[in-house]
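Single-structure report; data block below.
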Amino acid sequence: MNLIHRYIFKGAFVTSMGAVAMFAFLLLMGAVVKDMLDLLAEGHMTIPIFLRLIQLRFPDLLVYALPVGLLTGILLTMGRLSAQNEVTALRSAGVSIFRLSSSVIVFAILGTMASLVVNFYYGPRAMASFRQEKEAIIQKNPLSFIQEKTFVRGFSGLVIYVGDKNGDELNDLWIWQLDDENRVKQFIRAESGEVRYNQDQNTLVLVPYRGSFEARDPEAPEDFRKVRTALSFETTSLVLPLDEIFGKVTFQKKLKWMTFQELQGVESDALAKMSSSNPEIREAGEERYHKAKMAFHEKFAMGFSVISFAMIGVPLGIRSSRQETSANLFLAMGLALGYYIMMMSISWMDGLHQYRPDLLFWIPNFIYQGIGCWLFIRNDRGRKLKDGQAGSPTEKAKK
Numbered sequence: 061m062n063l064i065h066r067y068i069f070k071g072a073f074v075t076s077m078g079a080v081a082m083f084a085f086l087l088l089m090g091a092v093v094k095d096m097l098d099l100l101a102e103g104h105m106t107i108p109i110f111l112r113l114i115q116l117r118f119p120d121l122l123v124y125a126l127p128v129g130l131l132t133g134i135l136l137t138m139g140r141l142s143a144q145n146e147v148t149a150l151r152s153a154g155v156s157i158f159r160l161s162s163s164v165i166v167f168a169i170l171g172t173m174a175s176l177v178v179n180f181y182y183g184p185r186a187m188a189s190f191r192q193e194k195e196a197i198i199q200k201n202p203l204s205f206i207q208e209k210t211f212v213r214g215f216s217g218l219v220i221y222v223g224d225k226n227g228d229e230l231n232d233l234w235i236w237q238l239d240d241e242n243r244v245k246q247f248i249r250a251e252s253g254e255v256r257y258n259q260d261q262n263t264l265v266l267v268p269y270r271g272s273f274e275a276r277d278p279e280a281p282e283d284f285r286k287v288r289t290a291l292s293f294e295t296t297s298l299v300l301p302l303d304e305i306f307g308k309v310t311f312q313k314k315l316k317w318m319t320f321q322e323l324q325g326v327e328s329d330a331l332a333k334m335s336s337s338n339p340e341i342r343e344a345g346e347e348r349y350h351k352a353k354m355a356f357h358e359k360f361a362m363g364f365s366v367i368s369f370a371m372i373g374v375p376l377g378i379r380s381s382r383q384e385t386s387a388n389l390f391l392a393m394g395l396a397l398g399y400y401i402m403m404m405s406i407s408w409m410d411g412l413h414q415y416r417p418d419l420l421f422w423i424p425n426f427i428y429q430g431i432g433c434w435l436f437i438r439n440d441r442g443r444k445l446k447d448g449q450a451g452s453p454t455e456k457a458k459k
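To convert a position in the sequence shown, counted from 1, into our numbering, add 60.
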């Protein structure tokens, strides 16, 4: 049995690591397109910085890639053993399904420990560094944010277009000022202009030259009959706060970017505020405490999802008897998607403290582990019934 356990453990390990790498790569490509590709294409970062950000983004993605990757590896390994009748041979030799899967459970426990380390240490540290370095890119070179032949929409209530840019000099400058419903209320077009950076206030200052100013009716900005006559100007200026886009220079960590020790510190501070006589401080401390508890339990539950996936993956892999990779991949993705949808739905209950959403994060694990135990028992009983039916004619013949 030691040889068999090593064989199953090695197969699950190799297959799972390949699946983890595949899912991590897919998630990484999505993160690159969402968070970094535009900055690289617009010249806001260099190739070394781009690679550095990819390196920092990777550990956080392992939080999701590790459980689903291990589930895929277990399904593929057990499905292959079942399809090649190796499980049938072992069961015929008297090996129970629980004993057969013990090496996979040990592998899942090791995977859970690795997932918890990633969730509480490497993932939060890497994600916090990623956000800090990404925000620092523009602050180091703020003038590069205004790109030629590009509609800049990052500033609240403004759309900016520059036909040509040479350093801080601009040509063919268009500026649209929008209302709360994103309708144009003011329009500026200038022959030229320049952009300056105010380091003390962390703002960009646009200075148009030789242009015209057009104002729309505030009640009916889309009614061109009410457009006021355009006024010419020699120069004017607009102040664009970079804090609206990239945040303050002082970096504030989100709870999900905090390590185990940092979350404990937040809980301690929140408990101290909850004992305050000031009702506002007490209410703020209570809110902070509940949010920290939610982040703490969510990370723990996500770590233990590896065991939950393993318990449901082993009997499903044996039962499905599929050697095809595509079928098991779709099955793993479906199970993981259902788990993450439940976790996401619970995270939306962060304001309903009376229902203890922090503890509700464990419900998906209990559901998957319960289904896994039921499948284990059903598979084991089903095999015993088949063995009994197969042996009864032989016994009758001997008699």
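Just so you know, even glycine gets a beta-carbon here, dropped at the ideal spot from N, CA and C.
Rounded straight-line distance, which links the Cα of residue j to that of residue i
i	j	result
F311	Q192	Unreliable positioning characterises F311 in this predicted model, as indicated by a pLDDT of 47, which lies under 50. The coordinate reading is nonetheless provided below. Rounded to the nearest angstrom, the two C-alpha atoms are 7 Å apart.
L419	H357	7 Å
M393	T319	28 Å
K94	A149	50 Å
Q429	I367	8 Å
S365	V123	10 Å
D120	E254	40 Å
W236	K194	27 Å
S76	R185	25 Å
Q324	S335	17 Å
G133	W234	55 Å
R288	E279	13 Å
A355	L113	24 Å
S175	V299	46 Å
D232	I107	30 Å
F247	Y181	50 Å
F118	I341	38 Å
I437	R151	14 Å
N425	M96	34 Å
K245	T210	21 Å
E229	A387	58 Å
G345	K314	16 Å
R276	Q261	30 Å
M362	N179	8 Å
K316	F421	14 Å
L135	M105	41 Å
K353	G217	37 Å
G227	L100	18 Å
E251	Y221	12 Å
Residue i classed as buried or exposed, judged by whether at least 16 other C-beta atoms fall within 10 angstroms
i	result
F369	buried
A72	buried
V74	exposed
M89	exposed
G271	buried
Y415	exposed
I423	exposed
S337	exposed
W434	exposed
G223	exposed
L63	exposed
K286	exposed
N439	buried
G432	buried
K225	buried
G183	buried
K359	buried
P339	exposed
A290	exposed
Those residues which DSSP pairs with residue i across a bridge
i	result
G223	According to DSSP, G223 bridges with nothing at all.
G253	L230, P268
A91	According to DSSP, A91 bridges with nothing at all.
L141	DSSP lists no partner for L141.
F293	G271
T263	N258, P301
E343	Looking at the DSSP assignment, E343 forms no beta bridge with any residue, so it has no partner.
W236	V219, F247
V374	Its beta-bridge partners do not exist; DSSP assigns none.
Span of the alpha helix (DSSP H), counted from its first residue to its last, around residue i
i	result
T172	162-177
P301	Taken as a continuous stretch (DSSP letters only), P301 belongs to no alpha helix (DSSP H), being part of the beta strand (DSSP E) at 298-301.
A460	Missing from the structure shown is residue 460; the chain here goes from 61 to 459 and no further.
L420	417-420
K286	From DSSP, K286 is part of no alpha helix (DSSP H); its letter is neither H nor E.
F320	320-334
Check: residue i C-beta below 7 Å from any heavy atom of the ligand HEM
i	result
G271	The ligand HEM is absent from the structure shown, which contains no ligands of any kind.
Task: the stretch 401-408 contacting the stretch 126-138, beta-carbon criterion three pairs below 8 Å - done: no
Task: Cβ contact check for the stretch 131-149 and the stretch 410-427: 3 or more pairs under 8 Å - done: By the Cβ test, the stretch 131-149 is not in contact with the stretch 410-427, since fewer than three Cβ pairs between them sit closer than 8 Å.
- [ ] Report yes or no: do the stretch 363-378 and the stretch 144-164 share at least 3 C-beta pairs separated by less than 8 Å?
- [x] yes
TODO: Say whether the stretch 321-332 touches the stretch 344-364, bearing in mind that this needs 3 or more beta-carbon pairs closer than 8 Å, one atom from each stretch.
DONE: They touch, by the three-pair rule.
Open item on the list: Tell me whether the stretch 284-300 and the stretch 165-176 touch, counting them as touching only if at least three CB pairs, one residue from each stretch, are closer than 8 Å.
Closed with: no
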